[in-house]
Amino acid sequence: MKVGYLGPKGTFSEQAVLKIAEICETEPFSTIWEVIDSVESGKTDKCVVPIENSTEGCVNITVDSVIFDADLYIQSQINLPVEQNMIIKKETDPSKIKKIYSHPQGLAQCRPFLIKNYPNAELISTNSTADGGKIIKYSDDDCAAIGLSRVAEIYDLKILHKSIQSDTQNFTQFAVLSKNNTAKNLDSQKISIAFSTDNSPGTLCKILNLFEIWDLNMTKIVSRPMRNKAEEYVFFTDLENNGSPEDVKNCLSMVQRKTSFFKNLGSYPVYDYR
């Protein structure tokens, strides 16, 4: 089995994929769209993509792809804590650090630490936290990177400071996608659906009331613009499966009947590594 993910090696996406693919072949791709398309085209059997961060919100390209573009289903969800470390070459003098490289989110997540400890250092954005490690590996400057501990492992670097992120509760949700239809798993832990309603008063409220009737707890609802239809929206919704399989089936059947667009994205387990 081959599993695709958002590369390069040393990213949070790779960390997530290693949770499910320790004995499988993995392949990195440059964009989330390429990762998802790798399953659609048959290049990979599964893929792992970020779908939401607890502070930054939904990853819109992932959400839009599973709603509108891809004929794939969510197989499982992986929750990973966000831990950022300051990484340097083993011979670097910490007191001489002038440049710090990382993905913009990595820099933002560590800003209080950087302001306090390295107020004069230049903060330089990279395409990924892993790219920061690669840059300092081959740089002649006194510099550092911010990223996962695996970045230090890959490039034979040293962790100078561990867990420097300001929000210790921050985590990212990753979705495992494949062509296997998990919408039939009516007794799984979590259900994700997408739907749209007629543009008239009270229609959304009526749909939400159906979840209450069948005792399904809605944990998330996010609106996304409908493709090629101005001022119309699709609601991406997560549900906790608290009911019997028959109740779930009846509820989703009624939602589908009452909506103008409906897509069951899968029923699946959640693996929490926080």
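As numbered in this note's numbering, residues -15 to 258 make up the sequence shown, in order.
Built from N, CA and C at the ideal position, the CB exists for glycine as well.
None of the values given here were measured: they were computed from a predicted structure.
Per DSSP, which one or two residues make a beta bridge with V19?
-> Walking along the sequence shown from the start, residue 19 turns up at place 35. For V19, which the question treats as bridged, DSSP gives no partner whatsoever.
With DSSP run on the structure shown, which of helix, strand or coil describes T46?
-> Within the sequence shown, residue 46 is the residue found at index 62, counting from 1. Residue state, collapsed to three classes: helix.
What do you get for Q149, buried or exposed, if any count of 16 or more other CB atoms within 10 angstroms of its CB means buried?
-> Residue mapping note: residue 149 aligns to position 165 of the sequence shown, counting from 1. Per the 10 Å Cβ criterion, buried.
Whose C-beta lies closer than 6 Å to the C-beta of A0 among residues of the same chain, with five residues either side of it excluded?
-> Residue numbering aside, residue 0 sits at position 16 when the sequence shown is read from its first letter. Once the five neighbours on either side are set aside, the close Cβ partners of A0 are V32, I62, L64 and F158.
In the structure shown, what three-state DSSP assignment does S86 receive?
-> The residue you call residue 86 lines up with position 102 of the sequence shown. Of the three classes helix, strand and coil, the one that applies to S86 here is strand, per DSSP.
Output yes or no for whether 9 Å exceeds the beta carbon distance between T181 and F220.
-> Indexing the sequence shown from 1 puts residue 181 at position 197. Indexing the sequence shown from 1 puts residue 220 at position 236. Contact flag unset, no.
Can you give the Cα-Cα distance for L170 and E230, rounded to whole angstroms?
-> In the sequence shown, the residue the question calls residue 170 occupies position 186. In the sequence shown, the residue the question calls residue 230 occupies position 246. Rounded to whole angstroms, L170 to E230 spans 8 Å at the Cα level.
Give a yes or no on contact between the region 42 to 56 and the region 131 to 139, applying the rule of three or more CB pairs nearer than 8 Å.
-> no
With a cut-off of 8 Å on the beta carbons, I'd call I177 and N226 a contact; round off their distance for me.
-> One-based indexing of the sequence shown puts residue 177 at position 193. One-based indexing of the sequence shown puts residue 226 at position 242. Not a contact, Cβ separation roughly 15 Å.
How big is the Cα-Cα spacing for N44 and R208?
-> In the sequence shown, residue 44 corresponds to position 60, counting from 1. In the sequence shown, residue 208 corresponds to position 224, counting from 1. Cα to Cα, N44 sits roughly 8 Å from R208.
If we count the other Cβ atoms within 10 Å of its Cβ and call it buried at 16 or more, is N69 buried or exposed?
-> Locating residue 69 in the sequence shown gives position 85, where the first residue counts as 1. With 16 or more Cβ atoms within 10 Å of its Cβ, N69 is classed as buried.
Rounded straight-line distance, which links the Cα of P185 to that of F(-4) | Numbered from its first residue, the sequence shown carries residue -4 at position 12. Numbered from its first residue, the sequence shown carries residue 185 at position 201. F(-4) and P185: Cα-Cα distance of roughly 42 Å.
For H87 versus S109, is the C-beta spacing smaller than 9 Å?
-> Position 103 of the sequence shown holds residue 87. Position 125 of the sequence shown holds residue 109. In contact: H87 and S109 (Cβ atoms closer than 9 Å).
Taking all protein chains shown into account, decide if S251 is buried (16 or more other Cβ within 10 angstroms of its Cβ) or exposed.
-> In the sequence shown, counting from the first residue as 1, residue 251 sits at position 267. When all chains shown are included, S251 counts as buried.
Indicate the three-state DSSP secondary structure (helix, strand or coil) for D256 in the structure shown.
-> Walking along the sequence shown from the start, residue 256 turns up at place 272. It is a strand residue.
Sorry if obvious, but does the Cβ on Q173 come closer than 8 Å to a heavy atom of the ligand GDP?
-> The ligand GDP is absent from the structure shown, which contains no ligands of any kind.
T28 versus Y217 - alpha carbon distance | Residue 28 sits at position 44 when you count from the first residue of the sequence shown. Residue 217 sits at position 233 when you count from the first residue of the sequence shown. Going by the C-alpha atoms only, they are around 31 Å apart.
In its own chain, which residues sit with a C-beta less than 8 Å from the C-beta of D167, not counting the 5 before and 5 after it?
-> Residue 167 sits at position 183 when you count from the first residue of the sequence shown. Note on residue identity: the sequence assigns Ala, not Asp, to residue 167. If we look at A167 and ignore the five residues flanking it on each side, its Cβ neighbours are Y57, N248, L249, G250 and S251.
Measuring alpha carbon to alpha carbon, tell me which of T76, N101, T152 and L(-10) ends up nearest A128.
-> Looking up residue 128 in the sequence shown gives position 144. Of the listed residues, the one whose Cα sits closest to A128 is T76.
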